[in-house]
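Residue numbers (the working numbering): 9 to 256.
(1) Relative to the alpha-carbon of residue 104, which residue among 245, 157, 136 and 89 has its alpha-carbon at the smallest distance?
(2) Count the other CB atoms within 10 Å of the CB of residue 25; is the residue buried (16 or more) or exposed (fewer)?
(3) Using DSSP bridges, identify the partner residues of residue 37.
(4) What are the partner residues of residue 234, as DSSP defines its beta bridges?
(5) Are residue 91 and residue 99 close, meaning C-beta to C-beta below 7 Å?
(6) Mind reading off the beta-carbon distance from residue 64 to residue 47? Whole number of angstroms is fine, and I expect it under 8 Å.
(7) Given that a residue counts as buried once 16 or more other Cβ atoms are within 10 Å of its Cβ, and exposed if not, what is residue 49?
(8) Taking the alpha carbon of residue 239 as the reference point, which residue from 217, 14 and 255 has its own alpha carbon closest?
(9) Are three or more beta carbon pairs between the region 247-255 and the region 117-129 nearer than 8 Å?
(10) Rounded to whole angstroms, what's the CA-CA distance from residue 56 to residue 93? Just pull it up for me.
(11) Around the Cβ of residue 77, are there at least 16 other Cβ atoms within 10 angstroms (buried) or fewer (exposed)?
(12) Identify, in the order they occur along the chain, each residue of the same chain with its Cβ nearer than 7 Å to the Cβ of residue 122, setting aside the five sequence neighbours on each side.
(13) Sort 30, 244, 256 and 29 by Cα distance to residue 139 and report the nearest one.
(14) State the DSSP-derived secondary structure class of residue 192, mapped to helix, strand or coil.
(15) What residue range does the alpha helix (DSSP H) around residue 57 cover?
(16) Taking only three categories from DSSP, how would you classify residue 79?
(17) Output yes or no for whether 7 Å exceeds the beta carbon distance between residue 27 and residue 254.
(18) Residue 35: which of 51, 43, 23 and 22 sits nearest, CA to CA?
(19) Note down the Cα distance separating residue 256 from residue 184, rounded to an integer number of angstroms.
(20) What whole-angstrom Cβ distance do residue 31 and residue 60 have, given they're in contact under 8 Å?
(21) Take residue 177 and list the residues in its own chain whose beta-carbon comes closer than 8 Å to its own, dropping the five residues that flank it on each side.
(22) Ignore the nearest five residues each way along the sequence and tell me which others in residue 203's own chain have a CB closer than 7 Å to its CB.
(23) Please state whether the Cβ-Cβ distance between residue 194 and residue 165 is less than 7 Å.
(24) Within the continuous beta strand (DSSP E) that includes residue 152, where are the two ends?
Have a look at this one:
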């Protein structure tokens, strides 16, 4: 079954409208980096629909030294409910370091280690899994990319939900272990990483990659359920971000 993330996210957004919450979100993004620009535009449209005051602040690499001081201004602004650094900025290892400058109570994307919010992408994956039935946590799940921020946070969350967990990364990738998994969540950014000879029939594929799919078409042909790229986890991640903001 092909998961329709856009339709699923639409239901979340419709429920959020009922909260009639008036919030302000400040987003820093890199207008010269296409993914940062695209993600910001998508969020802007959802914010408008929800009545969220959405403030976009472009940041270039030449301005990076001033970014933390800019974030601090909004940390101290009581009218601002959430602050987001739209990753990837395209500045490499600086990305998460910059995000850590956001005050924890305003970190609605959950990027700080001590954030009170579940990371939006983690919340999205968990919400998608929960919607498929309460018995899924009896299955074995493999998270590929468990050393990265998203993978590490996902592993922690899935363990609290009592999933039997296998974690692996690119440098310790094991097709043999992968074939034992009932659910495979891939968050590596590697295109076509998982092929049909690495997976069992009827497995569940959750693809956190963007813009390229991490499962080959042949691998997806063996699934009982999968999230496509695009239109799978992505729209639900955006809806989850606004859930964090409006439910705060």
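Every residue gets a Cβ at the ideal spot worked out from N, C-alpha and C, and that includes glycine. Note that the coordinates shown come from a computational prediction; the quantities given were computed from them, not determined experimentally.
Let me spell this out:
(1) To locate residue 104, count along the chain shown from 1; it is residue 96. Considering only alpha carbons, the answer is 157.
(2) For the purposes of this step, residue 25 is identified with residue 17 of the chain shown, where counting begins at 1. By the neighbour-count rule (16 or more Cβ atoms within 10 Å), residue 25 is not buried but exposed.
(3) As a first step, residue 37 must be located in the chain shown, where it is residue number 29. Bridge partners of residue 37: 66.
(4) Here the question's residue 234 lines up with position 226 in the chain shown. Residue 234 is bridged to 10 and 213.
(5) Walking along the chain shown from the start, residue 91 turns up at place 83. Walking along the chain shown from the start, residue 99 turns up at place 91. No; because the gap between Cβ atoms is not below 7 Å, this pair is not in contact.
(6) Counting from 1 along the chain shown, the entry for residue 64 is found at position 56. Counting from 1 along the chain shown, the entry for residue 47 is found at position 39. 11 Å between Cβ atoms; not a contact.
(7) The sequence position of residue 49 within the chain shown is 41, counting from 1. Under this definition residue 49 is an exposed residue.
(8) Looking up residue 239 in the chain shown gives position 231. It is 14.
(9) A contact exists between the region 247-255 and the region 117-129.
(10) For the purposes of this step, residue 56 is taken as the residue at position 48 of the chain shown. For the purposes of this step, residue 93 is taken as the residue at position 85 of the chain shown. For the pair residue 56 and residue 93, the Cα-to-Cα distance works out to about 19 Å.
(11) Start at 1 with the first residue of the chain shown, and residue 77 comes out as number 69. Its Cβ having fewer than 16 others within 10 Å, residue 77 is exposed.
(12) Against the chain shown, residue 122 aligns to sequence position 114. Beyond the five residues adjoining it in sequence on each side, residue 122 comes within less than 7 Å, by CB distance, of 112 in the same chain, given in chain order.
(13) For the purposes of this step, residue 139 is identified with residue 131 of the chain shown, where counting begins at 1. Answer by Cα proximity: 244.
(14) As a first step, residue 192 is located in the chain shown; it is residue number 184 there, counting from the start. Look at residue 192 here: in three-state DSSP terms it is strand.
(15) Translated into the one-based positions of the chain shown, residue 57 becomes position 49. Annotation: the continuous alpha helix (DSSP H) that includes residue 57 extends over 42-58.
(16) Against the chain shown, residue 79 aligns to sequence position 71. Per DSSP, reduced to three states, the secondary structure at residue 79 is helical.
(17) In the chain shown, the residue the question calls residue 27 occupies position 19. In the chain shown, the residue the question calls residue 254 occupies position 246. Contact: yes.
(18) Here residue 35 is taken as the residue at index 27 of the chain shown, counted from 1. Proximity to residue 35 across 51, 43, 23 and 22 peaks at 51, based on C-alpha coordinates.
(19) If you number the chain shown from 1, residue 256 lands on position 248. If you number the chain shown from 1, residue 184 lands on position 176. Straight across, the Cα-Cα distance linking residue 256 with residue 184 is about 43 Å.
(20) One-based indexing of the chain shown puts residue 31 at position 23. One-based indexing of the chain shown puts residue 60 at position 52. Yes, they are in contact, since the Cβ atoms of residue 31 and residue 60 sit about 5 Å apart, within 8 Å.
(21) Taking the chain shown and counting its residues from 1, one reaches residue 177 at position 169. 152, 153, 154, 155, 156, 159 and 196.
(22) Within the chain shown, residue 203 is the residue found at index 195, counting from 1. Answer for residue 203: 224, 226 and 227, listed in chain order.
(23) For the purposes of this step, residue 194 is taken as the residue at position 186 of the chain shown. For the purposes of this step, residue 165 is taken as the residue at position 157 of the chain shown. With respect to the 7 Å criterion, residue 194 and residue 165 are not classified as neighbours on the basis of their beta carbons.
(24) Position 144 of the chain shown, counted from the start, is the residue given in the question as residue 152. Annotation for residue 152: the continuous beta strand (DSSP E) segment containing it runs 148-152.
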